[in-house]
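Participant: Take the sequence shown: its position 117, counting from 1, is numbered 117 in the UniProt record's numbering, and each next residue is one higher. Have a look at the structure that comes next, please.
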Amino acid sequence: MDKALTEESDPRTGFARMLHEAATAYTDPGHPAGCLVITAATNYSTLTADIEQDLRERRRANVRSFETRLEDARSRGSLGKDTDTRALAVYFAAVVQGMSQQARDGATTEELRRVAEFAMTVWPPSSAS
Numbered sequence: 001m002d003k004a005l006t007e008e009s010d011p012r013t014g015f016a017r018m019l020h021e022a023a024t025a026y027t028d029p030g031h032p033a034g035c036l037v038i039t040a041a042t043n044y045s046t047l048t049a050d051i052e053q054d055l056r057e058r059r060r061a062n063v064r065s066f067e068t069r070l071e072d073a074r075s076r077g078s079l080g081k082d083t084d085t086r087a088l089a090v091y092f093a094a095v096v097q098g099m100s101q102q103a104r105d106g107a108t109t110e111e112l113r114r115v116a117e118f119a120m121t122v123w124p125p126s127s128a129s
């Protein structure tokens, strides 16, 4: 995820690329479907509380990273001044997590790419719009 967000100069393009790459990675037949950080979230016991905490922190770190990038986009005018960057960051995390679960349930790459396209329709207009 970080690579797409870092390599693209336009924030919207970076988030769109991240979702499309997730669609491809999550459905790659050479790897288990979905994402380990997300799918392992349902396999806890009292003996693995430390792992549960580590995975939860990784997911929170993803949200913080998204929020930081969105705040930067807002400060540069790529998002409207009133954009709730926290809510948008949580939204993108929820989409990524949902795509992971859908891949585990058998969704195809094309289905997840369409999800990525729909997800991007919520991108708020820029300050320049």
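Glycine included, C-beta positions come from ideal geometry on N, C-alpha and C. Predicted model only: the values in this text are computed from it and were never measured.
Can at least three beta-carbon pairs, one atom from the stretch 98-112 and one from the stretch 60-69, be found at a separation below 8 Å?
Facilitator: Not touching, per the Cβ criterion.
Participant: Within 8 Å, do at least three Cβ pairs link the stretch 9-18 to the stretch 111-127?
Facilitator: In short, these stretches touch, since the Cβ pair count reaches three.
Participant: Measuring only the C-alpha atoms, how far is S78 from Y26?
Facilitator: Rounded to the nearest angstrom, the two C-alpha atoms are 29 Å apart.
Participant: Please list, in chain order, all residues of the same chain as E21 whose beta carbon is under 6 Å from its beta carbon, the five residues on each side excluded.
Facilitator: A4, listed in sequence order.
Participant: Out of R86, T24, E52 and E67, point me to the one whose CA is closest to V115's CA.
Facilitator: Nearest option by C-alpha distance: T24.
Participant: Quick one: what does DSSP say M18 is sitting in, helix, strand or coil?
Facilitator: Correct three-state label for M18: helix.
Participant: Do the CB positions of V95 and A119 come within less than 8 Å of each other?
Facilitator: For V95 and A119, yes; Cβs fall inside 8 Å.
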